[in-house]
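Residue numbers (the numbering used here), protein chains in the order written: chain G, 13 to 180; chain V, 336 to 880.
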Amino acid sequence: MSQPVVNVVLAGLGGQGVIKASDILVEAAFGAGFDVKKAEVHGMSQRGGSVASDVRFGQEILSPMVPPGTADFVVVLSEDQVELARTHLKPGGTLLTPALVDPQTLPHPRSLNIVLLGILSAALPQIPRNCWIEALHANLKEKVHAINEQAFDLGIALAGDHQVAPPA
Amino acid sequence: MNHPERMLLSGNEAVALAAYQAGVALGVGYPGTPSTEILENFARLGGHAQWSPNEKVALEVGLGASFGGAATLVTMKHVGVNVAADPLFTAAYIGASGPLVLVSADDPGMASSQNEQDNRRFAVAAAIPMLEPGDSQEAYDYTLAGLRLSAEYKLPVMLRMTTRVCHSKTVVRPTPPTEKPAAPHYVKDIPGRVMIPAYARPAHRRLRDKLTKLEKSQFARDLLTTYGPQDAKLCIITSGISAVHCREAAPEARILKIGLTHPLPMEAIEEFIDANDFTDLRVIEEGDPYLEELLRANYIAVEGKPEMYRFGEFNVGRVRRILDKDRSPEPPPTPGKPPELCKGCPHRTVFQTLRDRGCIVAGDIGCYTLGVLSPFEAIDTCVCMGASIGVGLGLRHVLPEDQARKVVSVIGDSTFVHSGLTGIAEMVYNPPPTGHLLLILDNGTTAMTGQQEHPGTGRTLDHQPTGKIVFEKVLEAMGVEQVHVVDPWGDTEKFEQLVDSCLASGKLSVIIARRPCILAVGKIKEYERLAQATACTTCGDGGEG
Chain G
13 MSQPVVNVVL
23 AGLGGQGVIK
33 ASDILVEAAF
43 GAGFDVKKAE
53 VHGMSQRGGS
63 VASDVRFGQE
73 ILSPMVPPGT
83 ADFVVVLSED
93 QVELARTHLK
103 PGGTLLTPAL
113 VDPQTLPHPR
123 SLNIVLLGIL
133 SAALPQIPRN
143 CWIEALHANL
153 KEKVHAINEQ
163 AFDLGIALAG
173 DHQVAPPA
Chain V
336 MNHPERMLLS
346 GNEAVALAAY
356 QAGVALGVGY
366 PGTPSTEILE
376 NFARLGGHAQ
386 WSPNEKVALE
396 VGLGASFGGA
406 ATLVTMKHVG
416 VNVAADPLFT
426 AAYIGASGPL
436 VLVSADDPGM
446 ASSQNEQDNR
456 RFAVAAAIPM
466 LEPGDSQEAY
476 DYTLAGLRLS
486 AEYKLPVMLR
496 MTTRVCHSKT
506 VVRPTPPTEK
516 PAAPHYVKDI
526 PGRVMIPAYA
536 RPAHRRLRDK
546 LTKLEKSQFA
556 RDLLTTYGPQ
566 DAKLCIITSG
576 ISAVHCREAA
586 PEARILKIGL
596 THPLPMEAIE
606 EFIDANDFTD
616 LRVIEEGDPY
626 LEELLRANYI
636 AVEGKPEMYR
646 FGEFNVGRVR
656 RILDKDRSPE
666 PPPTPGKPPE
676 LCKGCPHRTV
686 FQTLRDRGCI
696 VAGDIGCYTL
706 GVLSPFEAID
716 TCVCMGASIG
726 VGLGLRHVLP
736 EDQARKVVSV
746 IGDSTFVHSG
756 LTGIAEMVYN
766 PPPTGHLLLI
776 LDNGTTAMTG
786 QQEHPGTGRT
796 LDHQPTGKIV
806 FEKVLEAMGV
816 EQVHVVDPWG
826 DTEKFEQLVD
836 SCLASGKLSV
846 IIARRPCILA
856 VGKIKEYERL
866 AQATACTTCG
876 DGGEG
């Protein structure tokens, strides 16, 4: 296979924007022409409890759920969920946590999800920037487009600082 | 119409799109995870969609539409089919005039349900055809196929989805049908639709003949899909989402995926097995051993799964374990943070009050079931929609007086309309000696499933004003002795006093604890503002709202 499957797990607490972030990621990968699948559990678990969303993309995706312990990337929006979410990670996988972002620098208090997507995007050169921006626009209200693009770019800058890069 | 070639849709969105493109004239249902988004999306696309007070009524409205010749979609979660079972079983005898697809959204693993019943059993028991899609493309295709099947065989068809099929987003390439259904028009058929015994006896025979014909049909064969190498020794027979788990877990296997899982196209399955040189025949299915039992009853020596895999949903790892016959204990799922009642949720003060008084609380289905968890632990029973009232009354009838006086039933507003009114009839008709207290937690929305409207909100599925059931008037009219309305959050003291006085009174009492859901309150205000603005414009006052 020329394009291996990329497995991403996004995790956090209900209300933090985990599902929104995974909607944007899966749509960006879809826009880049990949086969994609996304799975998560809705419902009662949303109310302040742990939430996780699986996104997979590549040439052909079968199961929509990331098999246990095979995530290339785990993106966590809540510090107290890091240990739980880490169990999805494959050996040598990349863990992105709120610790990478100084909360003082957030363009908006609720934009951590988009900043972390920006960091993730630096490790996924197979998804061109325009696909990310289109996915951001498609999933967010117009009046917050600019501030979220700022958040996304902050993530890209932070990726450089933290040397988050495509897997070798 | 221009249809994009390639779309990214959830299974629920795919069902809605297919139904809309196929010309479904009416979509009806009751909200329930994981089915809720189907009708919401159908309405968004421009379809005529309605929430009914419960699933039984939804199916009855759907049947009426079908009898009138219209293409109809009825949606509910798996336990909703229990509520709709009464019309369902006889609907099969009568059959469909306009095509009718009933979506049953099952919840293996119980992401948001009180049980993990396998509704493939319903298809057998009610004798209706069942299709099982495994991803959004199949959800789209099988909705269209179900409507075609229903039209051709004049039978209601069940589309059995599961949580992951409903909610996962996958790629769909829509193929909109070019033919539109005929316009609704009533054609009289008294022996066909009036199920008195004399007409029902031949109807039952007609039904069985239809199923036999369907079992042997090309239609059923066309819904068999195979994957994997031709020379494989391992054969996996499967359906629904399990197929993609199998393909990933066992690329070495030849996989037979069955799309029509009732009636099973047994001849075609046997031909497939006979034409190959398999040494290992396995069935991989979530939930009950449904395919396994049917295949074995037909002398096909398949091996199913160990009992431990009946519980919960599948993933690639669990499928691999089953294939490896691994019966070692599975690692327990890492416990996450449990959900909780929202900060500022008006239910919080209710459960504090009940906890502090040591009440025995017969609970119900909704967000407020979270009152069972710490720090409240103030719910003692939860069975099904509406059970709080009957269960509370039963407890009151038999417990010693000091305990009976502490029994309280608690029900939400949407659940009250769904199944609470018959409980009130029971309460008035068979009052316990100590009386009873029911709390209706009226937060103005079906909060649990994502803030859907219901007859008690006075707004339709798409939030337009309509007739409204006013609970206090209904309760008084039904003969409840004491009916109070109070804001349990804004006036907690008064709420507590009312609970105490009602419990002490020995009378039949209902307290409507009314305050909007903290998550919905902004939207509710906006709907009310829009409704007022529209009303002013239509009555000629020219107001701005």
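C-beta: ideal position from N, C-alpha, C; glycine also. Keep in mind it's a predicted model, so treat the numbers as computed, not measured.
For G:L89, none of the residues of chain V pass the 7 Å Cβ criterion, the least Cβ distance being about 13 Å.
Straight through space, the alpha carbons of G:L25 and G:I31 are spaced by roughly 10 Å. Residues of chain G with a Cβ closer than 7 Å to the Cβ of V:K412 do not exist; the shortest Cβ-Cβ separation is about 10 Å. In the DSSP annotation of this structure, the continuous segment of the beta strand (DSSP E) that includes G:P103 starts and ends at 101 to 108. Counting along the chain, G:R98 sits inside the alpha helix (DSSP H) bounded by residues 94 to 98. Pairing G:R68 with G:V17 gives a Cβ-Cβ distance under 9 Å.
Under the three-state reduction of DSSP output, G:M77 falls in the coil class, being neither helix nor strand. Taken in chain order, the members of the stretch 34 to 47 of chain G whose beta-carbon sits within less than 7 Å of a beta-carbon on chain V are V38, E39, F42, D47. Among the residues facing chain V, G:A51 is included, as its CB has a counterpart in that chain under 9 Å away.
Listed by position along chain V, the residues whose Cβ is nearer than 8 Å to that of G:R59 are P674, E675, L676, C677, C702, L705. Against V:N650, the close residues of chain G are S75, M77, P79, P80, in the order they occur along the chain (beta-carbon pairs closer than 8 Å). For V:C570, the beta-bridge partners assigned by DSSP are V:R589, V:L616. Linking V:P667 to V:G793 through their CA atoms gives a straight-line distance of about 45 Å.
When secondary structure is reduced to three states using DSSP, V:P800 falls in the strand class.
Listed in chain order, the alpha helix (DSSP H) elements of length 4 or more contained wholly in the stretch 470 to 511 of chain V are 471 to 488, 498 to 502. Remark: three or more beta-carbon pairs, one from each stretch, lie closer than 8 Å, so the stretch 398 to 411 of chain V and the stretch 358 to 375 of chain V are flagged as touching. Taken through DSSP and simplified to helix, strand or coil, V:V845 comes out as strand.
In this chain, V:V763 is not harboured by any beta strand (DSSP E); it is covered by the alpha helix (DSSP H) spanning 756 to 764. Just so you know, the alpha carbons of V:L484 and V:R536 end up roughly 24 Å apart. Here G:I126 has N160, A163, F164 as same chain residues with Cβ atoms under 6 Å from its own Cβ, once five neighbours each way along the sequence are excluded. In summary, V:E606 is exposed, with fewer than 16 beta-carbon neighbours lying within 10 Å of its beta-carbon over all protein chains present. Cβ-Cβ separation between V:G841 and V:T769: approximately 6 Å, consistent with a contact (criterion under 8 Å). Between V:T704 and V:D748, the gap from beta carbon to beta carbon reaches 9 Å or more. C-alpha of V:V809 to C-alpha of V:H753: approximately 14 Å in a straight line. Per DSSP, G:W144 is one residue of the alpha helix (DSSP H) stretching across 141 to 151. The beta-carbon of V:E340 is placed no less than 9 Å from the nearest beta-carbon of chain G. Put simply, the CB of V:T505 is near chain G, with a gap under 9 Å to one of its CB atoms. In the three-state reduction of the DSSP assignment, V:Q449 falls in the coil class. Between G:V48 and V:V506 a beta carbon distance of about 7 Å is seen, short of the 8 Å cut, so the two are scored as contacting. For G:T99, the residues of chain V that pass the 9 Å Cβ criterion are T669, in the order they occur in the chain.
Chain-ordered listing is empty here: chain G has no CB closer than 8 Å to the CB of V:A349, the nearest sitting near 13 Å. With a cutoff of 9 Å on beta-carbon distance, V:N454 and V:S439 are scored as near each other. Taking 9 Å as the threshold, the shortest C-beta distance from G:L22 to chain V does not fall below it. Where G:E52 is concerned, the enclosing beta strand (DSSP E) starts and stops at 47 to 52. Residue V:V436 holds the alpha-carbon nearest to the alpha-carbon of V:M493 among V:I657, V:V436, V:G814.
Secondary structure of V:G814 (DSSP, three-state): coil.
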